[in-house]
Amino acid sequence: MTSQITISPPLLNTSTPWATTLSDLQAIYDSESTGAVTTRTSFPVTGFQDDPSIHQHAFLPNASSLNTYGYSPHPLSYYLTSIESIITSSDLPQSKPFIISITGTSVEVTSSVSTISKWAHEKRFKVYAEINLSCPNIPNKPPPAYSSAGLKPYLQGLSDLQQSLDVTMVAVGIKTPPYTYQNQFDELISAVEEFPGILSFITATNTLGNSLFYEFDLPTTNEGELTPIIASASGTGVGGLAGESIHPLSLGNVFTIRNMLDRSIHEDVRDIIVIGAGGVGDQAGYKRMRKAGAAAVGVGTAFGREGVETA
Numbered sequence: 416m417t418s419q420i421t422i423s424p425p426l427l428n429t430s431t432p433w434a435t436t437l438s439d440l441q442a443i444y445d446s447e448s449t450g451a452v453t454t455r456t457s458f459p460v461t462g463f464q465d466d467p468s469i470h471q472h473a474f475l476p477n478a479s480s481l482n483t484y485g486y487s488p489h490p491l492s493y494y495l496t497s498i499e500s501i502i503t504s505s506d507l508p509q510s511k512p513f514i515i516s517i518t519g520t521s522v523e524v525t526s527s528v529s530t531i532s533k534w535a536h537e538k539r540f541k542v543y544a545e546i547n548l549s550c551p552n553i554p555n556k557p558p559p560a561y562s563s564a565g566l567k568p569y570l571q572g573l574s575d576l577q578q579s580l581d582v583t584m585v586a587v588g589i590k591t592p593p594y595t596y597q598n599q600f601d602e603l604i605s606a607v608e609e610f611p612g613i614l615s616f617i618t619a620t621n622t623l624g625n626s627l628f629y630e631f632d633l634p635t636t637n638e639g640e641l642t643p644i645i646a647s648a649s650g651t652g653v654g655g656l657a658g659e660s661i662h663p664l665s666l667g668n669v670f671t672i673r674n675m676l677d678r679s680i681h682e683d684v685r686d687i688i689v690i691g692a693g694g695v696g697d698q699a700g701y702k703r704m705r706k707a708g709a710a711a712v713g714v715g716t717a718f719g720r721e722g723v724e725t726a
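Residue numbers for the sequence shown, in our numbering: 416 to 726.
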């Protein structure tokens, strides 16, 4: 049976570089505007080898952003410790859930969900796990969420874990890339329907890969050489696009995924909620996401550009 998740108010941050440190997470947790806190995506044992010379971001003129980041330089254990510190440092009960974003191979992800579930049970914390299967910036590792074949090993691992765990598995979701044609949606829903009762939420969408922006050497006068605005591992400056530029595409993804889930023959699949993310930076964007079918709305670029309280 699908575990239900609660996010109230239905606004949260997405997994971004601005949710990397304990202080980042504390600020989001302390905000009265957020109903949940999402961590930056981590591996189970070691942190991602972050290199500032090639892992960068830039804010574009139209309230969008471009980044060539990978994952968090901190491992999962850092986020478990940070969350415990945030919750226990307050005299009040836990006020909102944490969504722990994780990635890795299917075996690594299953191990991480097991660790999170046992830890949450022991500490009696309210946490969920989000599996990031959609980062476009990892060389030679295409996002698994683009195909049913890529998704199924993760869902199978979670299904096996659900049966074998001696504690209740935390509610689990996946973060999907921005799909651009119907077959990609069909692949997603086909995999999800094969494993009803495993997923509680889908976060749509991550950034749009293969994106590029040139900037003049003298940006104030639009003179000089045009060069990529950020560096990348490939040397091209190509990275993931986020913010206002992908807002219509993300809305379409939320709308399509919500409608396809609603048509499922499985009640557990129909119960999956969609967290809408992509280009939300104001009340109008929030309302559009809710209209498209999002039960809660995630904010990324606007948090990075404006800060927690003003985003």
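Yeah, the Cβ is synthetic: ideal placement off N, Cα and C, and Gly gets one too. Fair warning: this is a prediction, and the values are worked out from it, not measured in the lab.
Taking the beta carbon of residue i as the centre, do at least 16 other beta carbons fall within 10 Å, making it buried, or is it exposed?
i      : result
Gly650 : exposed
Phe463 : buried
Leu548 : buried
Arg455 : buried
Gln698 : exposed
Asn552 : buried
Val460 : exposed
Lys590 : buried
Leu641 : exposed
Thr518 : buried
Assign residue i to one of three DSSP states: helix, strand, or coil.
i      : result
Asn598 : helix
Gly485 : coil
Thr453 : strand
Leu603 : helix
For residue i and residue j, I'd like the C-alpha separation in whole angstroms.
i      : j      : result
Phe600 : Tyr594 : 7 Å
Val452 : Gly639 : 43 Å
Pro643 : Gly624 : 15 Å
Leu576 : Glu523 : 12 Å
Ile645 : Ser468 : 9 Å
Ser615 : Met704 : 19 Å
Asn621 : Asn637 : 31 Å
Ile604 : Phe631 : 43 Å
His536 : Tyr444 : 21 Å
Val607 : Ser457 : 23 Å
His681 : Pro611 : 7 Å
Ala586 : Gly652 : 36 Å
Ser505 : Arg678 : 43 Å
Asp683 : Ala442 : 34 Å
Pro554 : Leu507 : 44 Å
Thr618 : Ala711 : 9 Å
Ser529 : Leu573 : 9 Å
Taking the beta strand (DSSP E) that residue i belongs to, which residues open and close that run?
i      : result
Tyr543 : 542-547
Ala442 : That residue, Ala442, is in no beta strand (DSSP E); its alpha helix (DSSP H) goes 437-445.
Lys590 : 587-591
Leu475 : Unbroken run through Leu475: none, as it is neither H nor E.
Leu507 : Taken as a continuous stretch (DSSP letters only), Leu507 belongs to no beta strand (DSSP E), as it is neither H nor E.
Asn428 : 426-428
May I ask which residues mark the beginning and end of the alpha helix (DSSP H) holding residue i?
i      : result
Ala391 : Here the chain has residues from 416 to 726 only, and residue 391 is not among them.
Ser468 : Taken as a continuous stretch (DSSP letters only), Ser468 belongs to no alpha helix (DSSP H), as it is neither H nor E.
Ile553 : Element bounds for Ile553: n/a, residue is neither H nor E.
Ile501 : 491-503
Step through the CB atoms of chain B and report whether any lies within less than 9 Å of the CB of residue i.
i      : result
Gly639 : Checking the listed chains, one finds no chain B in this structure; it contains a single protein chain.
- Query: At which residue ranges does the region 693-725 contain complete beta strand (DSSP E) runs of 3 or more residues, listed in the order of the chain?
  - Reply: 711-714
- Where are the beta strand (DSSP E) runs, 3 residues long or more, that stay fully inside the region 510-534, in chain order? 513-517
- Message: Runs of 3 residues minimum, wholly inside the region 606-689: which ones carry the beta strand (DSSP E) assignment?
- Response: 614-619, 623-626, 629-633, 638-643, 654-658
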